[in-house]
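20 is the number of the first residue of the sequence shown in my numbering; add one for each residue after it. Backbone N, C-alpha and C define an ideal beta-carbon position, used for all residues, glycine too.
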Amino acid sequence: MRVCLGCGVPFLGRGTYCELHQGRFGGFHRRARNPVYDSTEWQRLRRRLIAAHVARHGARCSCCGRAATKRDPLSLDHIEGLSRGGAPYDPVNLRVILRSCNATKGLRDARR
20 MRVCLGCGVP FLGRGTYCEL HQGRFGGFHR RARNPVYDST EWQRLRRRLI
70 AAHVARHGAR CSCCGRAATK RDPLSLDHIE GLSRGGAPYD PVNLRVILRS
120 CNATKGLRDA RR
């Protein structure tokens, strides 16, 4: 017997959420990760562009100007998202921003 992390009610089965909360908290509704982000080309480009940005501008977000932290590190953002046909490896379509800014932008784009 397990206890659901969503509601605290005991349930039989696998996982950490009961059937009622599995879809809400269990990740079934998450979109599949784009394979671009797992490619060696992306990993190398990300490291190179973030290092160049830090050398030129310091560890600051090009979107909001805040400093990067361990909890909110710099990430590489597609200006024109891949879902909208943006070029995945074109440096012109990429910018260095905080992970939190990237997540906020992603949520905004998903609502459009």
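Query, Result
"Classification of Val55 by the beta-carbon crowding that lies within 10 angstroms, buried from 16 upward", "exposed"
"Whole-angstrom distance between Phe30 and Ala86, CA atom to CA atom", "44 Å"
"Through-space distance from Thr59 to Leu95, alpha-carbon basis", "15 Å"
"Euclidean distance between Cα positions of Gly34 and Arg52", "21 Å"
"DSSP state of Ile116 mapped onto helix, strand, coil", "strand"
"Local Cβ density within 10 Å of Ile98, reported as buried at 16 or more and exposed below that", "exposed"
"Option in Trp61, Met20, Leu24, His40 with minimal Cα separation from Ala106", "Trp61"
"Pairwise C-alpha distance: Asp91 and Leu64", "20 Å"
"Range of the contiguous beta strand (DSSP E) that encloses Leu101", "Run containing Leu101: none; DSSP gives neither H nor E here."
"DSSP-derived helix/strand/coil call for Pro29", "strand"
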